[in-house]
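Undergrad: Got a structure here, written out as structure tokens. Questions coming.
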Amino acid sequence: GYKLHLVIDATYELPIAYKVTKASASDIKEGHALLEQMEKRQREILEKAETIAADKGYDDTKLIEKCWDQYKIKPVIDIR
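Using the UniProt record's numbering, you'd call the opening residue of the sequence shown number 1 and step up by one each time.
Listed below in structure tokens is the structure:
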């Protein structure tokens with residue numbers, strides 16, 4: 001099977017970044033990759049973002065710290 005990792009603008013309900021992977025792919029690894037992709041391709045959107053919400057598959061200390069320390073985005077991620 002496959003899995004869709006998707007970043008959307010919740011206000012306008014528009015997709016911003018995505019990646020399709022095998023179902024076994026790590027959400028955490030892909031979360032880091034999507035942030036890096038946005039930094040390269042959509043820096044202005046990343047700079048304006050205030051929060052990022054994700055399910056518990058993305059619950060990772062390094063990912064949470066990256067959101068806050070590097071991008072000043074408050075992560076709202078369910079705990080595993």
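For every residue, glycine included, the Cβ atom is placed at its ideal position computed from N, Cα and C.
Note that this is a predicted model, so its numbers are computed, not measured.
Would you report the Cα separation of glutamate 65 and histidine 32, rounded to the nearest angstrom?
TA: Looking up residue 65 in the sequence shown gives position 65. Looking up residue 32 in the sequence shown gives position 32. Between glutamate 65 and histidine 32, the C-alpha separation is close to 11 angstroms.
Undergrad: Measure the alpha-carbon distance for threonine 61 versus aspartate 55 and round it to whole angstroms.
TA: Translated into the one-based positions of the sequence shown, residue 61 becomes position 61. Translated into the one-based positions of the sequence shown, residue 55 becomes position 55. Between threonine 61 and aspartate 55, the C-alpha separation is close to 14 angstroms.
Undergrad: To which residues of the same chain is arginine 41 closer than 8 angstroms at the C-beta, ignoring the five residues directly before and after it?
TA: Residue 41 sits at position 41 when you count from the first residue of the sequence shown. Contacts found: Ala17.
Undergrad: In whole angstroms, what is the alpha-carbon distance linking isoleucine 45 and glycine 1?
TA: Position 45 of the sequence shown holds residue 45. Position 1 of the sequence shown holds residue 1. If I take the Cα positions, the gap works out to 31 angstroms.
Undergrad: For glutamate 39, is the classification buried or exposed, using 16 other Cβ atoms within 10 angstroms of its Cβ as the cut-off for buried?
TA: By one-based count along the sequence shown, residue 39 stands at place 39. Glutamate 39 comes out exposed.
Undergrad: In terms of residue numbering, what span does the beta strand (DSSP E) encompassing lysine 74 cover?
TA: Here residue 74 refers to the residue found at position 74 of the sequence shown. Run containing lysine 74: 74-77, per the beta strand (DSSP E) assignment.
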